[in-house]
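Numbering (this note's numbering) for the sequence shown: 1118 to 1795.
For each residue, glycine too, the CB sits at the ideal point set by N, CA and C.
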Amino acid sequence: MERPRPPAAPAVLPPQREEKAPAPSGFSVLPSLPTLGTGSLLFILLFALYIPVLSVGFFSDDLLLTVIAPRDPLALFRSAEGLLHYRPFSMSLFWLVGRAFGFQGAVFHFLTLSVHLLNASLLYSILRRLGVPRAPAWSATALFGLLPFAHEAIAFVMGSVHSLALLWMLSATALALRPGRSPRWGHALLTLGAYLAAVLSHETGIVWPALLLLLERWRPGRFQGLRPLILAGFALGAGYMLFWRTRPRGDPGVLALPIFTLESSLYAVQGWLYPLGPALRPLWEALFGPRPILLRALRPGDWAFLGLGLGVTVAMMAIARPRRLVALGLGWFAVSITPSLLFWGPASGMMNYPRMLVIPGVGSAMAWAAVVEGGRQRGAGGRGLVGAGLGVTLLVSTLVTVASLGYYQDATRILRGMAAAAWEARDRPILYVNLPYNVGYRWFRARFYPYIYGGAGAVLITTDRELARYIRLNGGPDLTGRPSGWVESRRLEALYPNWFTPAPPIDFPGLRDALEDHAVYVFREDLAWVPLHEIWRVHGMSDRVHAEAPPLEILEPSPRFDGRIALRGWRIDEEAGELILAWEALAPPERRWHVFVHLLDEKGELLGQADGPMAGGLAPTEAWRTGDWVIDRRPLPPGIRPAALRLGLYDWTSGERATVEWGTLRPPDRYVVLATPR
């Protein structure tokens, strides 16, 4: 009888190595350098591109983050009057930065720039964990880092909450994606903590469980233990939504307005096609300029853009390698714009702001990186085409970003000019005239306007009660404890620049009355502030005017025009290239007189003129009252040294000259001649 044999010993198999993505061969769009070297070059480029942002100041919505709880930190976690969103984590972070470093714009913007660099690093790490080859992973990282939808999140402090939310979302994703490892309780809690930090930084972080589910379905079986994290994430998100519904927010009927959701969806497509945006804008303006009568802001171009997005996506799927990366990118984009469509549907244009595209931009970068890789694998022609296209895209993106930063620097000049003016005002109440609502309305479009439908936000002013805080944040004195109305703004339509200024109207007589006890500053198109109280001095302050006025050639007796206006003195400032005239109202002029100045040579021949309204239009004579003085500075043509000046006043509407009395003289041609010093 045959004895049973013992069971064979199990064969000892070599340990299974973790599956790694194949290394790309041949030509790569990015330099064939070690990972550290490639990353260093990219991050150096990003930092160099955004260096100008360190000189940018603070804008309106930033106040919610920096001064909402100056004395009570717990207010960051409670409902606050006027606060439409519940973002305690980001607000606490910025409050702490303000307490530690003061209101230094460079510190805040360096923080947000650092967050952007960290996000790019995390994106590369996640793509590699997903098995994406190195070349498309680097392409996606470069596209995400350099495309200009990041400029608002770095330069606009309020916009940086989007980058903060993305940082925690990517951190939670990197913690969750552990190939071949089973999750532990401590690790799972840390992952969910990062997710909760994302939600409390910005409400769009709520999409993270859906994104994690998308990644699990994209690489089934590669990552163990994701299901419990996904379920716990959805449970936390549902709890947050129930809690957040009790917080102050926008229109509570948002979810019942599908037309606005559709409208925002169409706007959002531009984020998917962002690399093509600058090239397509001229075509859109030529073909689809008129707006339709129905559907509010929707235009034919919106529908065409949606169709183009679908067509380009299909074409991308055909040539992309790995092809599934396009599907992943499209899924990421679609999932991550959902909160914006639900929360801000009535705003319709919210997705049009670049900062709203920071999180969806990850999906765009993935998909376009797959197109780059697909072209790279199609021979020399494909490599050349893809290289040229990527180069043009990054060049245009760089130009857009530089122009955007110039736009923020313009806004900063305005705000810091306000702060400097507040220091000059000392103890007098301050009145700003024609303070702009958004500087981009004027300058940014003229420089380089990259967005197909608009959108770049450096909003400056909301209400007068916030002006004292603007001044403080941008380096001015602390006026927050002064009485209500100490700092105000007004809109005077007759003055430049003629744009939308959300302030109560005022006319020149009202402006003249304000000069009696206010320091009044007028905003100019060259981004400077004119101290009107130094030009138009009222309320019988003639002794002070003599003491403070620039050195003048005093005229005794003084020429009188129309019997109501006296020319008290004058001087040519050769260094500044201007003529200074000092006028006094002997009685209310009641007419709008302009000044004519003829520059004469030794023979009395005309060399040039310096005509125009009184004080450049800032102090029209019909608003003068007895005792008012006006210092009238008028630029002279360059290179002209007149031997004499022939000047007088004329009525702006009829052209009639004002009568002249100069001692015993009554010039019939109604002008006076002043010999210039030689």
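The C-alpha of R1339 lies about 33 angstroms from the C-alpha of G1504. A check of alpha carbon separations from T1308 across M1286, A1740, R1688, S1172 identifies M1286 as the nearest. Here the stretch 1702-1722 lies against the stretch 1759-1779, with 3 or more beta-carbon pairs under 8 angstroms apart. Within the same chain, Cβ atoms closer than 7 angstroms to the Cβ of A1315 are found at A1282, W1285, M1286, A1289, G1322, W1325, the five residues on either side in sequence being excluded.
Listed as beta-bridge partners of H1635 by DSSP are no residues whatsoever.
Around M1483, the same chain offers A1257, L1442, L1445, G1446, W1449 as residues with beta carbons nearer than 7 angstroms, after the five sequence neighbours per side are excluded.
A straight line joining the alpha-carbon of D1786 with that of G1534 spans about 44 angstroms.
Distance between A1736 and W1653, taken at the CA atoms: about 7 angstroms. Per DSSP, reduced to three states, the secondary structure at Y1554 is coil, with no helix or strand assignment.
Annotation: the stretch 1257-1284 contains the following complete segments of the alpha helix (DSSP H) (minimum length 4 residues), in chain order: 1268-1272. With 16 or more other CB atoms across the displayed protein chains lying within 10 angstroms of its CB, I1682 is buried.
Where I1689 is concerned, the enclosing beta strand (DSSP E) starts and stops at 1682-1690. As summarised for the stretch 1599-1629, the continuous beta strand (DSSP E) elements at least 3 residues long and confined to that stretch are 1604-1607, given in chain order. DSSP lists no beta-bridge partner residue for Y1525.
Counting only the Cα atoms, I1757 lies some 7 angstroms from L1724.
Around the beta-carbon of G1593, 16 or more other beta-carbon atoms lie within 10 Å, marking it buried. DSSP places F1176 outside both helix and strand once states are collapsed to three, so it counts as coil.
Here E1670 is exposed: its Cβ has fewer than 16 other Cβ atoms, across all protein chains shown, within 10 Å. Here W1710 is buried. Its C-beta has 16 or more other C-beta atoms within 10 Å.
Between L1348 and the set L1329, W1335, I1271, R1495, the nearest pair of CA atoms involves L1329.
The beta carbons of G1729 and L1612 sit no closer together than 8 angstroms. The three-state secondary structure of Y1167, taken from DSSP, is helix.
Taking a contact to require three or more Cβ pairs closer than 8 angstroms, the stretch 1510-1519 and the stretch 1597-1608 do not qualify as touching.
Shortest Cα-Cα distance from L1239 to any of P1676, F1160, E1490, E1320 involves F1160.
P1706 and L1632 have their C-alpha atoms some 18 angstroms from each other. Taking L1782 as reference, the option from V1550, R1629, S1675 with the minimal CA-CA separation is S1675. When the beta-carbon positions are compared, D1745 and V1655 come within less than 8 angstroms of each other. The C-beta distance from P1755 to D1634 rounds to 39 angstroms, too long to fall under 8 angstroms, and the pair is not in contact. Assignment of A1645 by DSSP, reduced to helix, strand and coil, places it in the coil class.
For L1552 and L1644, the gap between their C-alpha atoms comes out near 10 angstroms.
For the options Y1167, F1164, L1171, the alpha carbon positioned closest to that of T1529 is the one of L1171. Per the coordinates, the alpha-carbon of E1739 lies some 11 angstroms from the alpha-carbon of D1768. In this structure, the straight-line span from the alpha carbon of Y1549 to that of A1585 is close to 12 angstroms. Going by beta carbons, V1714 and A1727 fall inside the 8 angstroms limit. Secondary structure note for H1233: its alpha helix (DSSP H) is the uninterrupted segment 1222-1246.
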